[in-house]
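One structure is given here, and the rest of the page talks about it.
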Amino acid sequence: MASTVSTLSEQALIERVKAGESDLFYQLIEPYQRAVFSAAYSVVANEADAEEVAQEACLKAYAKLDQFRGDCKFSTWLIQIAVNDARMRRRKDRKALYDSIDEGYQDESGDYFPCDFADWREIPSEALEQKELKTALSRAINSLKPMYREVFILRDVQGLNVRESAIALGINESLVRTRLLRARLQMRDTLAPGYDGSWLTGSTSYKKVRPF
Amino acid sequence: MTVIEISCVHVWKEISSYIDGELDPAMRERMAAHFKTCAHCTAILDGTQNVISLVADGKTFDLPKGFSERLKQRLAEGLPKR
Chain A
1 MASTVSTLSE QALIERVKAG ESDLFYQLIE PYQRAVFSAA YSVVANEADA
51 EEVAQEACLK AYAKLDQFRG DCKFSTWLIQ IAVNDARMRR RKDRKALYDS
101 IDEGYQDESG DYFPCDFADW REIPSEALEQ KELKTALSRA INSLKPMYRE
151 VFILRDVQGL NVRESAIALG INESLVRTRL LRARLQMRDT LAPGYDGSWL
201 TGSTSYKKVR PF
Chain B
1001 MTVIEISCVH VWKEISSYID GELDPAMRER MAAHFKTCAH CTAILDGTQN
1051 VISLVADGKT FDLPKGFSER LKQRLAEGLP KR
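The following block contains the structure:
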């Protein structure tokens, strides 16, 4: 009965898909489409590849569903698959293009210091609706190195907690925290000066506030 | 109680944990005292919080148009019978 199926708990859905009702699989992953897509995007940084990876990851999740034991949330498990698939794809593409190692994952030495102290007290409410803001945000996100972008997207965009992010990315929690710090500061450095008006008005200059 | 002063560089290292409420009360107190007197660090704090609230609205990544339909289609074609 359709009404019964639509109210099934996630656990019940998992069991029924495992038992052979593959038609229910879409219903199981439906709430996490955006999470899977953006996790893939966090690694490959373009929409077309992220969509393909997301589809592959869902197929793989179906094939591996028996291995899901409930040690973490189903969504975290799903995101983990997407991240791994995306990383594999990225590695393959890079290999084809440059035959080089994964430069985006080399650890940075030293701390990240803010480059600019532009004041950014509040977000003008009309700005939230603007296309420019969205463009500026995604440009800033894309400018992060992959290892920072991954953490930032899972933690701050998707709202996973530190532990879930660590599981999904296969790194420890303290690495999540250090990378998150850097990602956030870098995002602020990229975006804050714009609130002097430069990217809202299309102007190329802004009042730079030098550290000390 | 006197609060031990903290440098700007130290504040930047902890600012993310401060925002996430992960610091112990003593450290939190030191950071809060610093923000009261340091305009630069306050600007960093405000800006970082703004970044987080801007991207957390869930709209940063719209699914591409037709994403769900294509996924459904792909699953319909690709799911082997269990």
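Quick note, the sequences are listed as chains A and B, same order.
For the first sequence, our numbering gives the first residue as 1, with consecutive numbering after it.
For the second sequence, our numbering gives the first residue as 1001, with consecutive numbering after it.
Ideal Cβ positions, reconstructed from N, Cα and C, are used throughout, including at glycine.
Check	Outcome
Give me the chain B residues within the contact set of residue 49 of chain A, using Cβ-Cβ distance strictly less than 7 Å, ordered along the chain.	Under the 7 Å cutoff, chain B gives no residues; its nearest Cβ is about 11 Å from residue 49 of chain A.
For residue 46 of chain A, does the three-state DSSP call read helix, strand or coil?	coil
Which residues mark the beginning and the end of the alpha helix (DSSP H) in which residue 1014 of chain B is found?	1008–1019
Spatial neighbours of residue 1008 of chain B within its chain, please: C-beta separation below 8 Å, excluding the five flanking residues on both sides.	1034, 1038, 1040, 1041
Do residue 1022 of chain B and residue 1003 of chain B have their C-beta atoms within less than 9 Å of each other?	no
Which of helix, strand or coil does DSSP assign to residue 156 of chain A?	helix
Is the Cβ-Cβ distance between residue 83 of chain A and residue 20 of chain A less than 9 Å?	no
Please state the DSSP three-state secondary structure of residue 20 of chain A.	coil
Using the beta-carbon of each residue, which ones in chain A are nearer than 8 Å to residue 1074 of chain B?	55, 58, 59
Under 8 Å: do the stretch 18–32 of chain A and the stretch 64–78 of chain A share three or more Cβ pairs, one atom per stretch?	yes
How would you label residue 208 of chain A, buried or exposed, when you count the other beta carbons within 10 angstroms and need 16 or more for buried?	Confidence is the limiting factor: at residue 208 of chain A the pLDDT is only 48, short of 50, which leaves the residue's position unreliable, though a coordinate-based value still follows. Under this definition residue 208 of chain A is an exposed residue.
Where does residue 190 of chain A land, buried or exposed, given buried means 16+ other C-beta within 10 angstroms?	buried
Taking only beta carbons into account, state which residues of the stretch 1030–1046 of chain B come closer than 9 Å to chain A, listed in chain order.	1039, 1040, 1041, 1042, 1043, 1044, 1046
Measure the alpha-carbon distance for residue 55 of chain A versus residue 132 of chain A and round it to whole angstroms.	29 Å
Taking any Cβ of chain A, which residues in the stretch 1051–1065 of chain B have a Cβ under 9 Å from it, in chain order?	1051, 1052, 1053, 1054, 1055, 1056, 1057, 1058, 1059, 1060, 1061, 1062, 1063, 1064
Short of 6 Å in beta carbon distance, which residues of its chain neighbour residue 87 of chain A, apart from the five on each side in sequence? Order them along the chain.	43
Would you call the stretch 1072–1079 of chain B in contact with the stretch 141–157 of chain A, where contact means no fewer than 3 C-beta pairs closer than 8 Å?	no
At 7 Å on the CB atoms, spell out the chain A contacts of residue 1078 of chain B, in chain order.	59
Closer than 9 Å, CB to CB, is residue 1071 of chain B near chain A or not?	yes
With distances taken between CB atoms, is the gap from residue 64 of chain A to residue 81 of chain A smaller than 9 Å?	yes
Please list, in chain order, the chain B residues whose beta carbon lies closer than 9 Å to that of residue 33 of chain A.	1063, 1067, 1068, 1071
Mind checking residue 184 of chain A: buried by the 16 CB within 10 Å criterion, or exposed?	buried
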